[in-house]
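One structure below.
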Amino acid sequence: MKKIVFLTVIFALIPFMFCSFVYAKKNSSVKKSSVKKIATPKIEPLIYKGIKFVVPNTVKEMGYVQAWDVKTGLKVWEKKVYNVTIFPFLAEDTQWVFIISLSVEDGKLIVVDEKGREYKIGIPKAILKD
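Under numbering that gives the first Met the number 0, the residues of the sequence shown are numbered 0 to 129, in order.
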C-alpha cells in the first residue's frame, strides 16, 4: 500500500517538475535577449617600477591581473583577485563581473570591479624593478 501511494505521488510530481523546468528555461531565455552586456571594459595598462600591470577582462580571465616585465616582455606574475560564480538557468552575461579600475596606492594594487568592490593586493617585491 505504501509503495502505491509513493509511486502515485512521484508520478504526480513529474509533470510539475517538467513544467517548472520549461518555465525557468523560457524565462531565462527572455532575460538573455533583453539584457546583454555590449563589451567588456577596456582598462589601460598601468606601469609601476618597470612592471606593466594588465587586466585581460575576458570571460575566461574575469578578475585576473597580470604583471609583465617592460624590458623583456615576459609575464612575471598573475593573480586571480576574485571569483565569479555563474548560476545555471540565469542569463550568463548578466552575471559577469569585470574589473573597471586599476591603480597603485602605497605600493599596493587597488582593483575595483563593476559591483564597486575594492581589493588591495600586495605586489610581490621580487617582481619590481627599482
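The beta carbon of each residue, even a glycine, is placed where N, CA and C say it ideally should be.
Query: Taking just the CA atoms, how far does I99 sit from I126?; Result: 24 Å
Query: Hey, L101 and V69 are a contact pair by Cβ (cut 8 Å); roughly how many whole angstroms apart?; Result: No, L101 and V69 are not in contact; Cβ-Cβ is about 16 Å, not under 8 Å.
Query: Let's see if you can read the secondary structure: which residues bound the beta strand (DSSP E) around I120?; Result: 117 to 121
Query: Using DSSP with H/G/I as helix, E/B as strand and the rest coil, what is S32?; Result: The predicted model places S32 with a pLDDT of 45, which falls under 50 and marks its position as unreliable; any figure quoted below should be read in that light. Helix, per DSSP.
Query: Is L73 buried or exposed, if buried means 16 or more other CB atoms sit within 10 Å of its CB?; Result: exposed
Query: In whole angstroms, what is the alpha-carbon distance linking I120 and I109?; Result: 7 Å
Query: Consult DSSP for I98 and reduce its assignment to one of helix, strand or coil.; Result: strand
Query: Using the Cα positions of D92 and V103, report the straight-line distance between them to the nearest angstrom.; Result: 29 Å
Query: Distance, Cα to Cα, T71 vs F52?; Result: 14 Å
Query: Give the DSSP-derived three-state secondary structure of E91 in the structure shown.; Result: helix
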